[in-house]
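Residue numbers (mature numbering (1 follows the signal peptide of the UniProt record, and there is no 0)): -31 to -1, 1 to 302.
Here it is in structure tokens:
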């Protein structure tokens, strides 16, 4: 998912594309000689074939910074989310014994570039960009927000106004439909992979208009700017809780089975002892009574995940869309 407006999206994506491409070119000489790396960039190896970058075997290449830099996915107002994450950051500092700095990112490309270059150590990557972070930046997903019983995920939902005359997927034909951004899973890639099986093909059966974010898609539907929109359930639920739209004005035409939400990752080259402390901080954090718990309703803790298992459906969706894990592919956000 991407939460930036069209203008900022284009500008930040172009800058980040240049930066990430330059970093990739500049580090090509550091390519590792390894038997297996799968789709990982040449800087990384995957000897155990778990699809994520291996921890460096050379101790001199391990990172153990005095200050850990943490980032959450791009959002409309980073200042609000910095406050929301403050209780967790304090807990992370206490458990790791490190100072922790919140890093406000402006785009998915910028977030990937920051981890790739060693400036970002722990990060939450949105569902669709997670494979880019894994393959281009050596990110290792290990946690996700979930319920007390360990369940997690969100659904792709297709919303329209109650008075739109759209009652089933076939009714989208000939309409103006808001997708969010090209690399968004629920906002674009999943619809392109799943909707043809429901009898409607994006861009062939209806006009695709990129809104820039799930928020903008939903607000555009409410305002009548779009006839309908595929959006992430977790985003529209939070919007409803903030009274950003009236749920009585809209309806769900169709919804998918659950997808994974934001992945929480660490940089592959962090010292293993530090990684264990980071995991301890995540898995021991109590959401109850915190701003984080209030913002992300329906979850109560971080639960363990693996990229190989829990992102399999996302990789399949992206494969069906011809996605390539390159800076150019990421910059299409």
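Note that beta-carbon positions come from the ideal geometry of N, C-alpha and C, so glycine has one too.
Bridge partners - residue i, DSSP secondary structure assignment
i: residue 110; result: 234
i: residue 165; result: BP columns for residue 165 are empty, so no partner.
i: residue 248; result: DSSP, once it has assigned bridges, lists no residue as partnering residue 248.
i: residue 254; result: Bridge partners of residue 254: none, in fact.
i: residue 179; result: 148
For residue i, the first and last residue of its enclosing beta strand (DSSP E)
i: residue 284; result: Run containing residue 284: none in the beta strand (DSSP E); it sits in the alpha helix (DSSP H), 281 to 289.
i: residue 200; result: 197 to 201
i: residue 70; result: 68 to 73
i: residue 272; result: 270 to 273
i: residue 37; result: 36 to 41
Range covered by the alpha helix (DSSP H) that runs through residue i
i: residue 220; result: Premise fails: residue 220 lies in the beta strand (DSSP E), 219 to 224, not in any alpha helix (DSSP H).
i: residue 188; result: 183 to 192
i: residue 267; result: Note, residue 267: premise wrong, no alpha helix (DSSP H); not H, not E.
Of the listed residues the options, nearest to residue i (C-alpha basis)
i: residue 252; options: 270, 187, 92, 265; result: 270
i: residue 39; options: 142, 68, 118, 135; result: 68
i: residue 79; options: 42, 54, 48, 291; result: 42
i: residue 233; options: 240, 244, 32; result: 244
i: residue 115; options: 299, 266, 282, 296; result: 266
i: residue 261; options: 19, 107, 55; result: 55
i: residue 134; options: 230, 288, 219, 66; result: 219
i: residue 52; options: 275, 97, 280, 264; result: 264
i: residue 33; options: 286, 273, 242; result: 242
i: residue 208; options: 192, 183, 285, 194; result: 183
i: residue 157; options: 231, 191, 6, 180; result: 180
i: residue 275; options: 85, 91, 71, 111; result: 111
i: residue 227; options: 122, 94, 86, 28; result: 122
i: residue 102; options: 152, 259, 139; result: 152
i: residue 117; options: 128, 287, 292, 273; result: 273
i: residue 238; options: 285, 15, 23, 293; result: 23
i: residue 295; options: 99, 35, 3; result: 99
i: residue 125; options: 163, 195, 16, 141; result: 163
i: residue 25; options: 35, 70, 12; result: 12
i: residue 280; options: 229, 289, 119; result: 229
i: residue 195; options: 268, 91, 127, 106; result: 127
i: residue 90; options: 31, 50, 169, 292; result: 31
i: residue 145; options: 246, 58, 81, 198; result: 198
i: residue 155; options: 141, 223, 104, 174; result: 223
i: residue 235; options: 83, 130, 257; result: 83
i: residue 129; options: 187, 293, 18, 291; result: 187
i: residue 20; options: 46, 5, 50; result: 5
i: residue 203; options: 231, 217, 176, 190; result: 231
i: residue 62; options: 249, 259, 161; result: 249
Where residue i sits in the DSSP three-state scheme
i: residue 61; result: helix
i: residue 292; result: coil
i: residue -23; result: Unreliable positioning characterises residue -23 in this predicted model, as indicated by a pLDDT of 35, which lies under 50. A coordinate reading is not provided.
i: residue 22; result: coil
i: residue -14; result: Its pLDDT being 48, under 50, residue -14 is placed unreliably in this model, and the coordinates cannot settle the point.
i: residue 299; result: helix
i: residue 174; result: coil
i: residue 243; result: helix
i: residue 32; result: strand
i: residue -30; result: Unreliable positioning characterises residue -30 in this predicted model, as indicated by a pLDDT of 31, which lies under 50. A coordinate reading is not provided.
i: residue 214; result: coil
i: residue 13; result: coil
i: residue 155; result: helix
i: residue 260; result: helix
Heavy atom of the ligand NAP within 6 Å of residue i beta-carbon
i: residue 135; result: This structure lacks the ligand NAP; in fact it carries no ligand of any kind.
Practice item. Scan the segment 69 to 148 and note each continuous alpha helix (DSSP H) run of 4 residues or more that stays entirely inside, going in chain order. Key: 77 to 85, 99 to 106
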